[in-house]
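For the sequence shown, my numbering gives the first residue as 33, with consecutive numbering after it. Just so you know, even glycine gets a beta-carbon here, dropped at the ideal spot from N, CA and C. Note sheet for the following structure.
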Amino acid sequence: MSAMRFDAVLLSRDAEGLFWMARYLERVENLARLIDVTQSFESPGFETDAWFGLIRINADEKNFAARGFSPDAAHVKRFYLLDRGNPTSVPGNLEDARTNARTLRPLMSTEMWRQINMFHRFVGQITPEDLEGDALSRLCTRLKDGVQAHTGITEGTLYRDQGWYFYELGRLLERADQTTRMLDIKYTAILPQGHEEKRVAEMTQWNAILRAAAGYHAFKRRSRASFSAEDVVHFLLRDPSSPRSALLCMRRAELHLDDLRRIYGLSAAAEAIEMAQYLRELLLEKPISHILATGLHEYLDMVQIHIQALAGAVGRAFFRDWQPADPLAAAAQGQVQNQTQGPAEALA
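Encoded structure:
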């Protein structure tokens with residue numbers, strides 16, 4: 033059994049800042065992935081339905097309407113890629129990540145700070161022309177590359193003390209949540225009505241989701257030549273080796289929380305550990321065939337609610353005065369909303 037470590041005390045506000053910086057950056061990459069896969073789902077005559085599905089998946093209906101946008105493809109792209117006043121947009125998330133990074137400068141490497149500033153500058157230069165045709169796909173690739181560069185630099189340079197655990201927790205919770213949203217977007221696509229057309233379209237869409245989740249080649253290595261929806265859902269939710277599977281993210285989050293309790297003596301992690309254990313069981317308890325038969329959308333909603341509840345448990349245990357709404361209570365009242373924002377403004 034390893035001895036308890038006594039590193040320098042990590043301030044609650046710094047733990048919170050690291051947690052949310054990771055979430056905001058992970059959200060930028062996943063927005064780019066969702067936008068890319070939404071573009072691939074466009075069917076002639078159904079573009080508006082496909083793009084507004086992205087608004088629904090991110091629970092942004094009220095925010096979208098309040099900012100004066102209409103539900104068409106051009107406005108959805110502007111909302112997520114150009115609107116700096118929208119806190120759930122790529123520019124909004126990156127601005128919040130940089131705000132947190134500025135307060136965390138003493139804890140970050142020079143390389144991390146330099147890269148996030150360069151990435152912030154690039155996002156600030158996105159133009160309406162970048163949202164059209166093939167340029168949009170290239171933009172999404174640049175956004176994904178920017179976040180992956182940050183992830184690689186952080187992996188290679190961030191000191192492995194308590195702060196690293198909170199950074200990783202934020203990244204893992206956001207990634208698990210976004211994997212479920214990426215799966216859910218499949219059901220917002222309008223499919224052709226003919227049986228054969230529908231079968232071909234569904235296969236195309238499952239392939240697109242796997243590519244969006246950076247899992248296409250790994251999936252093909254382990255799957256049958258003729259795969260099913262059940263195979264894809266199992267891979268994205270339960271594969272023990274895929275870095276974006278919800279199960280792997282929850283297992284790693286549980287391990288990090290246990291390390292905080294065991295190595296650093298942070299007993300307040302107990303509630304969050306129990307919540308992570310429950311999520312792991314929720315992801316494994318029923319056959320995928322049963323989930324598909326009874327409703328994948330409803331199941332993914334339930335998983336998302338419990339991921340938000342886990343984030344709330346982490347916040348109550350370790351952060352300052354953050355009192356997130358209880359998503360489990362809200363769900364019981366039919367009022368579930370995506371928890372999109374952390375206290376970046378309080379950290380400025």
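As assigned by DSSP and simplified to three states, the class of T236
Helix, per DSSP.
Since I believe E200 is in contact with H338 (beta carbons under 8 angstroms), could you give me their beta-carbon distance rounded to a whole number of angstroms?
The distance from the Cβ of H338 to that of E200 is about 19 angstroms, inconsistent with a contact at the 8 angstroms cut-off.
If Q71 and S169 are in contact, beta carbons under 8 angstroms, what's the gap, nearest whole angstrom?
Yes, they are in contact, since the Cβ atoms of Q71 and S169 sit about 7 angstroms apart, within 8 angstroms.
Could you check if V41 is buried or exposed, using at least 16 other CB atoms within 10 Å of its CB as the buried criterion?
The residue in question, V41, is exposed, as its Cβ has fewer than 16 Cβ neighbours within 10 Å.
So what's M307 in DSSP terms, helix, strand or just coil?
The three-state secondary structure of M307, taken from DSSP, is helix.
Spatially closest choice to G347 from T159, R116 and M307, by CA coordinates
Relative to the Cα of G347, the nearest Cα in the group T159, R116 and M307 belongs to M307.
What do you get for T159, buried or exposed, if any count of 16 or more other CB atoms within 10 angstroms of its CB means buried?
Here T159 is exposed, its C-beta having fewer than 16 other C-beta atoms within 10 Å.
Residues of its chain near A345, where Cβ-Cβ distance is below 6 angstroms and the 5 sequence neighbours each way are ignored
Contacts found: E303, A304 and M307.
Over the uninterrupted alpha helix (DSSP H) stretch that includes D166, give me the two end residues.
Start and end: G165 to T189.
Does DSSP put G297 in a helix, a strand or coil?
In this structure, G297 counts as coil in the three-state DSSP scheme.
Nonlocal neighbours in the same chain, by C-beta distance under 8 angstroms from S273, ignoring five residues either side:
These residues qualify, in order along the chain: A250 and L280.
Among F111, H266 and A246, which residue has its Cα nearest to the Cα of S255?
Here the closest residue by C-alpha is H266.
Validate contact between the stretch 127 to 139 and the stretch 49 to 59 using beta carbons, cut 8 angstroms, 3 pairs:
Yes: at least three Cβ pairs fall under 8 angstroms.
Rounded to whole angstroms, what's the CA-CA distance from Q340 to A181? Just pull it up for me.
Within the model, the alpha-carbon separation for Q340 versus A181 is close to 27 angstroms.
Spatial distance of D193 from I295 (CA atoms)
Each residue's Cα considered, the two are about 10 angstroms apart.
Please report how far the alpha carbon of W196 lies from the alpha carbon of M140, in whole angstroms.
Whole-angstrom Cα-Cα distance: 10 angstroms.
Using a Cβ-Cβ cutoff of less than 7 angstroms, which residues in the same chain neighbour T189 once the five nearest sequence positions on both sides are dropped?
The residues are S141, E143 and M144.
Rounding to the nearest angstrom, what Cα-Cα distance links A106 and A82 in this structure?
Note on geometry: alpha-carbon atoms of A106 and A82 lie some 12 angstroms from one another.
If distances are taken between C-alpha atoms only, which option among G117, L171, G178 and V69 comes closest to R146?
Of G117, L171, G178 and V69, the residue nearest in Cα terms is G178.
Which same chain residues, not among the five before or five after E93, have their C-beta less than 8 angstroms away from its C-beta?
The answer, listed in chain order, is I87.
CA-to-CA distance, L114 to G100, given in whole angstroms:
One C-alpha to the other measures close to 14 angstroms.
Contact check, L204 vs R284, beta carbons under 9 angstroms:
In contact: L204 and R284 (Cβ atoms closer than 9 angstroms).
A211 and R276: beta carbons closer than 9 angstroms?
Reading off the sequence shown, one finds Thr at residue 211, where the question assumed Ala. For T211 and R276, yes; Cβs fall inside 9 angstroms.
Which two residues bound the contiguous alpha helix (DSSP H) that contains E200?
Residues Q194 to D216.
Alpha carbon to alpha carbon, what distance is there between A349 and D46?
Approximately 14 angstroms, taken between the alpha carbons.
When you compare the CB positions of I89 and I217, do they come within less than 9 angstroms of one another, or not?
In terms of Cβ geometry, I89 and I217 form a close pair [threshold 9 angstroms].
Assign D118 to one of three DSSP states: helix, strand, or coil.
Rather than Asp, the amino acid found at residue 118 in this sequence is Asn. For N118, the three-state secondary structure derived from DSSP is coil.
With a threshold of 7 angstroms on Cβ separation, who are the neighbours of V108 within its own chain once the five nearest residues in sequence on each side are excluded?
Excluding positions up to five away in sequence, the list reads W83, F84, L86 and I87.
My assumption, with CB atoms under 8 angstroms, is that V122 sits in contact with L175. Please give the rounded CB distance.
Between L175 and V122 the Cβ distance is about 6 angstroms, and since that is below 8 angstroms, they are a contact.
Roughly how many angstroms lie between the CA atoms of A301 and G202, to the nearest whole one?
Straight through space, the alpha carbons of G202 and A301 are spaced by roughly 15 angstroms.
In whole angstroms, give me the CA-to-CA distance for I222 and L215.
Interpretation of I222 is limited by its pLDDT of 42, a score under 50 that renders its predicted location unreliable; no figure is taken from the coordinates.
Cα separation between R293 and I185?
Straight-line measurement puts the Cα of I185 at about 27 angstroms from the Cα of R293.
If you drop the 5 nearest sequence neighbours on each side, which residues of the same chain put their C-beta closer than 7 angstroms to that of A208?
Counting only Cβ-Cβ distances below 7 angstroms, and skipping sequence neighbours, we find A278, C281, M282 and I339.
Specify, as a first and last residue, the run of the alpha helix (DSSP H) that N90 falls within.
Careful: N90 lies outside any alpha helix (DSSP H) and carries neither H nor E.
Nearest to H322 (by Cα), restricted to the options E262, F198 and I148
Closest by C-alpha distance to H322, out of E262, F198 and I148, is E262.
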